[in-house]
Structures are given as C-alpha cells and as structure tokens.
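**Q** Position in the sequence shown (first residue = 1) + 68 = the numbering used here.
Glycine included, every Cβ here is placed at the ideal spot set by N, Cα and C.
Predicted model, so just to flag it, every value in this text is computed and none were measured.
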Amino acid sequence: MITANPHYKKLQGSYLFSRISKILEEERKAQPNLDIIKLGIGDVTKPLSPAVIKAFHQGVDDMATEQGFRGYGPEQGYEFLREIISTNEFPELDIKADEIIVSDGSKCDVANIQELFTQNTSVALPDPVYPVYVDSNVMAGRSQDFKDGRYEGIHYLEGTQANNFVPPPPAEHFDLIYLCFPNNPTGQVASHADLERYVTYALEHNALILFDAAYCAFIQDSTLPKSIYEIPHAKKCAVEFRSFSKTAGFTGTRCAFTVIPKECRIFDAEKKPTALHDLWIRRHSTKFNGVSYPVQRAAAAIYSKAGAEETENRIQYYMHNAKIITQTMETLGLTFYGGKNAPYVWVDTKKSSWDMFTEILKKTGIVLTPGSGFGKNGEGFIRISAFNSTENVETAMQRLQSMF
Ligand code: PLP
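1) May I have the straight-line CA-CA distance separating Leu149 from Ile287, to the nearest angstrom?
2) So is Asn188 buried or exposed if we call it buried at 16+ other beta carbons inside 10 Å?
3) List the endpoints of the continuous alpha helix (DSSP H) containing His241.
4) Mark Asn389 as exposed unless 16 or more other C-beta atoms lie within 10 angstroms of its C-beta, in which case mark it buried.
5) What is the DSSP secondary structure of Ala374, counted as helix, strand or coil?
6) Whose CA, out of Leu116, Ala165, Ile152, lies closest to the CA of Gly317?
7) Is it buried or exposed for Arg210, if we count other Cβ within 10 angstroms and need 16 for buried?
8) Which two residues bound the contiguous alpha helix (DSSP H) that contains Pro293?
9) Closer than 6 Å: is that where the CB of Ala324 sits relative to any heavy atom of the ligand PLP?
10) Within 6 Å: the Cβ of Ser311 and any heavy atom of the ligand PLP?
11) To which residues of the same chain is Ala179 closer than 7 Å at the C-beta, ignoring the five residues directly before and after it?
12) Locate the alpha helix (DSSP H) running through Ile349, then write down its first and last residues.
13) For the ligand PLP, is there any heavy atom lying closer than 6 Å to the beta carbon of Ser453?
14) Return the residue from the list Leu344, Gly255, Gly441 that minimises the CA-CA distance to Ile168.
15) In the DSSP assignment, find the alpha helix (DSSP H) that holds Val206 and state where it starts and stops.
16) Does the beta-carbon of Pro411 have 16 or more other beta-carbons within 10 angstroms, so that it is buried, or is it exposed?
17) Determine the closest residue to Val197 out of Gly139, Gly407, Tyr219, with distance taken between C-alpha atoms.
18) Hey, would you say Gly372 sits closer than 7 Å to Ala165, going by beta carbons?
19) What is the C-beta distance between Thr432 and Met465, in whole angstroms, given that I count them as a contact (C-beta under 8 Å)?
20) Please list the segments of the alpha helix (DSSP H) lying wholly inside the stretch 249-326, counting only runs of 4 or more residues, in order along the chain.
21) Pick out the complete alpha helix (DSSP H) segments inside the stretch 372-424, 4 residues or longer, and give them in chain order.
22) Taking only three categories from DSSP, how would you classify Pro118?
23) Buried or exposed, going by whether 16 or more other CB atoms sit within 10 Å of the CB of Phe279?
24) Could you check whether His75 and Met207 sit closer than 7 Å to each other, using their CB atoms as the reference points?
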C-alpha cells in the first residue's frame, strides 16, 4: 500500500499568506473602492536591469546557433558564472569557483540540504523565522506535533526585543543551526562578534551552521559582516546561501548559489569527518539538471560594469523606500527594528499582529504581514516590506500617519 508521509499532516501549511488573501478578498467585497497597497509579500517590483536583459537576450540568441547552442549544462553551474561570483562576491575570502554551486533558488537549497543529515539530527532555528527552515525539517520527520505555536522536538532560538532579535547560541547541544542575516522578517543584522559566537559554538559542538544571506546585498553599514566566512574558521562549519532574487530582481527568473567550502565537514556514522561539499554535489547532480544557460548569462551580467551599477541603483531604490518607512515609524513614535541594512521593517504594534493587520487594512487599504506568522516571538509585530514603488510607499506612509 502506498502510504503518505505522515509528517506532512503536522504542517501548519501556508496559513499565513492564505489567511492574508482571504481577509483581503473579504475586505475588497466589503469596501470595493478601497485602494489597496501591498507592502506585505517580500517580492521585488522593479524589472530586470538593462545589462541583465541584454545578456539574457544574448543567451537566448546563442541557443539559436549551431555554435552557441547548449544542451545539459554542468549541474553545479557554468564555470563563467561560478568564476565571476568567486572574484566579485568573495574577493578577500578565497572562496573558489568550485566551492560555489549554482541553483534555481535559495528556497530550494535551504529546504533540500537537510536531507544530507540523519533523521535524528537535532535542529535549532530562530523565532521569528523564515518558515522554510522549519517546514522542511517537519516534512523530514524531525519534529513532533505543533503545540502552542511551535513544533515540539525543534529548538527555537529566541529572538526578542531584549536581544535585538539576534539570539545568542543555545546553551545546550544541537547539530544543525539555521541563521539568517540580514534577517527576514526582522531586518536585523548580526555583528562579527555575534557570528563569532556561533562559529565557536559550531566548532565546539561539531555542529553545522546554515547561513542564509539572501539579503546581504542590502547591508549599508560596511562594518557589518556580509558573509559568515568573514569569521575565522567558519569555512569548516558553515554553509552560505546567496540569491539573485532580491539582489537583482531574479525572483521570477530564478538563480541563486550555495557556498560549501571544501573544508566544511560533517561526520559519518564512525564519527569521522566527511566533506559536506562532496555530498551536496552528489545530491545536486542526481536531482538537479542545472539552471538554464540564458539565465546564467543574465546572472553573470550583474557583475559587468553597467550591471553592477544598475543592480546597486535598484538596491538603493528599495533602501530609500525603507528609509521613508523607518522615518514614518520614528514620527509615529513606534518601536521598530531593521530597515537600515535590510528591506524589511519590523514594528512593535503593542497589539495582536492579526488585529493590527486587519485594522490597518480596513482603515488604509495597506497590506502588511502579521509578525505572528513568522513564529511565536513575532506576536505583536508587523513586517513592512520596502519592495514597492516609492510613490506607493509614500502614499502608504501618509495613510498610516493619518491613521495613528
Ligand atoms: N531566504 C530568505 C530569508 C528569503 O526571505 C527568501 C525569499 O523570500 C529566500 C531565501 C528565497 O530565495 P529564492 O528566491 O532564491 O528562492
């Protein structure tokens, strides 16, 4: 008898965004003239830049010629892209091209990597959290049931106002630690000292850190770490996930990469160190057939002179929006986090997240994201995304000012 994976039944599903859509639908019916502005979902709004589009077109044209046509490419990505990433993203960190594995998204990579570890791997992840870390481990059977807003059997690193939403490493032993900086949803960034504590922990505990740096391009403060490999010895115990999605508008085009240094070790059944890189390459080449050639050409163009300038302009555009949002929060006297080195602003509303979400929607037409959807510690908060046009952000902030 074919039997369903029982762990899927434990999942809380896409409760957050489906509930938002339902409430939005009802509100549209109740107030047909309500002018809706979405600052909820973290998707970019600006189109791909001219340099990226030009390279994308060129890639398609190449495919139409005998000489330029490519069939299956290398699963881990074309060398031209991995080389250019290595030199541009990690100029001083000595991350080699063959330690970079190109994929169609960080979401897939961050969800898939857990299958390289044993079922009884103990997992610690932050709360508030990007839900993919939790759900992929629940699907794999590493949790018990969902009770009081959390899965039993998973350890939550408590992100709170007391620690500025940068939780310290746990006191107990865990094998696998998820970190995300700049953070979705809080927009907070860990310092070198914060990350050093995690690297020390991972080395002491023979643990592995999964470092999600999907938003690192938004860091404005040059004293903050963009990569976990800025921390000495991190190559031994950390994997880093990077994405072109938010950096360069690839959410619909799909291209990302994962860094697994050759020296990054996990342990086999005999407790002997084994190279994680080899396992990931084995998985990737078995289950994935590479990102399309035109998309990889488009991604490489981000590092051309024009592409780099255009990409930076887009980032600054969103960060300008973030500034408009944080200035409004200051004017309103609300406590907030993030927005300085990340495209998200995390606001303490001093009310239930859902009540605040509904009240703001009804009175202003603005759609935000209730913080409680990211975990228990998100209760009372809302996340405001800077991904929209400056005009819409300005209008939304004016409406919020008249509401409060
Ligand atoms: N990691 C974080 C923290 C995110 O917020 C997102 C998308 O919202 C992703 C990863 C997914 O990135 P990608 O589009 O590369 O799959």
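**A** Once the coordinates are examined:
1) For the purposes of this step, residue 149 is taken as the residue at position 81 of the sequence shown. For the purposes of this step, residue 287 is taken as the residue at position 219 of the sequence shown. Leu149 and Ile287: Cα-Cα distance of roughly 23 Å.
2) To locate residue 188, count along the sequence shown from 1; it is residue 120. The residue in question, Asn188, is exposed, as its Cβ has fewer than 16 Cβ neighbours within 10 Å.
3) Residue mapping note: residue 241 aligns to position 173 of the sequence shown, counting from 1. Here His241 belongs to no alpha helix (DSSP H), and DSSP marks it neither H nor E.
4) As a first step, residue 389 must be located in the sequence shown, where it is residue number 321. So Asn389 counts as buried.
5) Taking the sequence shown and counting its residues from 1, one reaches residue 374 at position 306. Correct three-state label for Ala374: helix.
6) For the purposes of this step, residue 317 is taken as the residue at position 249 of the sequence shown. Nearest of Leu116, Ala165, Ile152 to Gly317, Cα basis: Leu116.
7) On the sequence shown, residue 210 is found 142 positions in, with the first residue counted as 1. The residue is buried, with at least 16 neighbouring Cβ atoms inside 10 Å.
8) For the purposes of this step, residue 293 is identified with residue 225 of the sequence shown, where counting begins at 1. Here Pro293 belongs to no alpha helix (DSSP H), and DSSP marks it neither H nor E.
9) The residue you call residue 324 lines up with position 256 of the sequence shown. Flag set: Cβ of Ala324 near the ligand PLP.
10) The residue given as residue 311 occupies position 243 in the sequence shown. Indeed, a heavy atom of the ligand PLP lies less than 6 Å from the Cβ.
11) Your numbering for residue 179 matches position 111 in the sequence shown. Counting only Cβ-Cβ distances below 7 Å, and skipping sequence neighbours, we find Val200, Ser204.
12) Here residue 349 is taken as the residue at index 281 of the sequence shown, counted from 1. 344-355 is the span of the alpha helix (DSSP H), which, as asked, contains Ile349.
13) As a working note, residue 453 is residue 385 in the sequence shown. No, Cβ of Ser453 sits at least 6 Å from all heavy atoms of the ligand PLP.
14) For the purposes of this step, residue 168 is taken as residue 100 along the sequence shown, with counting starting at 1. Looking at the Cα atoms, Leu344 is the closest of the given residues.
15) Residue numbering aside, residue 206 sits at position 138 when the sequence shown is read from its first letter. From DSSP, the alpha helix (DSSP H) with Val206 extends over 199-207.
16) Position 343 of the sequence shown, counted from the start, is the residue given in the question as residue 411. When all chains shown are included, Pro411 counts as buried.
17) Here residue 197 refers to the residue found at position 129 of the sequence shown. When only C-alpha atoms are compared, the closest one is Tyr219.
18) Position 304 of the sequence shown, counted from the first residue, corresponds to residue 372. Position 97 of the sequence shown, counted from the first residue, corresponds to residue 165. For the record, residue 372 in the displayed sequence is Ser; it is not Gly. No, Cβ-Cβ distance for Ser372 and Ala165 is not below 7 Å.
19) The residue you call residue 432 lines up with position 364 of the sequence shown. The residue you call residue 465 lines up with position 397 of the sequence shown. No, Thr432 and Met465 are not in contact; Cβ-Cβ is about 10 Å, not under 8 Å.
20) 260-273, 302-305, 312-316
21) 373-400
22) Position 50 of the sequence shown, counted from the start, is the residue given in the question as residue 118. It is helical.
23) Taking the sequence shown and counting its residues from 1, one reaches residue 279 at position 211. The residue in question, Phe279, is buried, as its Cβ has 16 or more Cβ neighbours within 10 Å.
24) Counted from its first residue, the sequence shown places residue 207 at position 139. Counted from its first residue, the sequence shown places residue 75 at position 7. Yes.
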